[in-house]
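In my numbering, the protein residues as written are 9 to 309.
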């Protein structure tokens with residue numbers, strides 16, 4: 009079982025291990041340091057290449073050194089190596105973002121000019137759209153490092169994924185950001201278990217959670233259609249509702265002043281085709297144009 013070495017990554021991997029071992033599958037853990045872990049002093053969008061937190065693990069799987077890998081699903085690029093498959097998606101935890109501060113302030117309660125930390129281009133654009141007066145500054149490091157930087161007073165507030173906080177059992181003061189104003193990232197809150205094709209794939213498939221798989225596959229179809237990456241401020245959120253999946257997606261300009269957004273329902277039993285249709289709408293509305301603009305101008309904001 010391959011994993012990054014951060015406390016959150018290890019917690020997620022141990023969740024998958026416990027599910028597999030409950031089915032009689034013995035495991036051992038291999039910790040892999042990725043490029044994203046090694047480069048901590050610059051914003052993510054300035055580090056070249058996609059899959060910053062997965063490439064080294066992918067390479068070791070391709071070499072046959074690792075059978076199974078566990079990832080935060082939102083870290084997985086939409087284009088994956090041909091020999092690797094997402095064999096299981098675990099039940100999704102909270103997909104929402106939270107604003108963490110010393111007093112649990114909401115986004116509208118922050119003082120004018122308050123400094124807010126995030127390493128996400130999506131979150132930064134959404135913050136600028138909601139509160140153009142805020143000062144958005146880069147925030148890198150694992151979950152513990154980010155919370156420590158907040159405690160040290162470097163930021164008035166920081167934006168984190170609620171799922172990570174809950175998985176680690178932390179209890180900072182925070183307010184949940186309204187998902188209509190702060191639509192979540194594609195696959196946020198989901199854990200992916202990856203195998204090489206035909207190797208441990210069937211065994212790992214036993215822990216797959218079909219509702220979460222369908223939701224996350226819809227989001228990934230939209231992500232790929234737009235060309236989403238860590239540079240592109242875009243969101244995609246799907247949630248199962250009976251026989252249908254409710255879908256919302258948006259792409260923003262870097263400064264948050266412009267955005268395009270689609271929403272709709274797709275049949276759960278034909279979710280890939282439904283997501284493709286929604287993706288086409290988003291592209292026609294200018295979503296891919298905004299994404300390409302962000303890639304060109306990322307160093308100017």
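Even glycine gets a Cβ: it sits at the ideal position worked out from N, Cα and C.
Handout entry: residue 8 in three-state terms, based on DSSP
Key = With the chain represented from 9 up to 309, any question about residue 8 goes unanswered, as that position is not in the structure.
Handout entry: Proximity of residue 284 and residue 76 at Cβ, strictly below 9 Å
Key = No. Outside cutoff.
Exercise for the section: Taking only the alpha-carbon atoms, compute the straight-line gap between residue 159 and residue 210 and give it to the nearest angstrom. Expected result: 45 Å
Problem - One or two residues paired with residue 11 in a DSSP bridge - result: 39
Exercise for the section: Would you kindly report the start and end of the unbroken beta strand (DSSP E) that includes residue 66? Expected result: First-last for residue 66: 63-70, but that is the alpha helix (DSSP H), not the beta strand (DSSP E).
Handout entry: For residue 94: DSSP bridge partner residues
Key = 202
Practice task
Going by CA-CA distance only, name the one from 132, 14, 236, 276 that's closest to residue 226.
Solution key: 276
Practice task
Under 7 Å Cβ to Cβ from residue 229, same chain only, skipping five residues before and after it: list those, please.
Solution key: 280, 283, 284, 287
Exercise for the section: Output the boundary residues of the alpha helix (DSSP H) element that contains residue 187. Expected result: First-last for residue 187: undefined, no H or E at that position.
Exercise for the section: Inspect the CB distances between the stretch 109-120 and the stretch 91-100 and report whether three or more fall short of 8 Å. Expected result: no
Exercise for the section: Look up residue 99 in the DSSP assignment and say whether it is helix, strand or coil. Expected result: coil
Exercise for the section: Note down, in chain order, each residue of its chain lying with its Cβ closer than 6 Å to the Cβ of residue 272, except the 5 sequence neighbours on either side. Expected result: 255, 286
Practice task
Return the chain-ordered list of same chain residues with a C-beta closer than 7 Å to the C-beta of residue 62, the five sequence neighbours on each side being excluded.
Solution key: 42, 79, 83, 84
Problem - Rounded separation between residue 151 and residue 10 - CA only - result: Approximately 20 Å between the Cα atoms of the pair.
Handout entry: Cβ pair residue 86, residue 130 closer than 9 Å
Key = no
Practice task
Assuming residue 244 and residue 262 form a contact by the criterion Cβ under 8 Å, report the distance between their Cβ atoms to the nearest whole angstrom.
Solution key: Not a contact, Cβ separation roughly 18 Å.
Exercise for the section: Tell me residue 105's beta-bridge partners as DSSP assigns them. Expected result: DSSP, once it has assigned bridges, lists 169 as partnering residue 105.
Exercise for the section: Give the straight-line distance between the Cα atoms of residue 19 and residue 111, rounded to the nearest whole angstrom. Expected result: 27 Å
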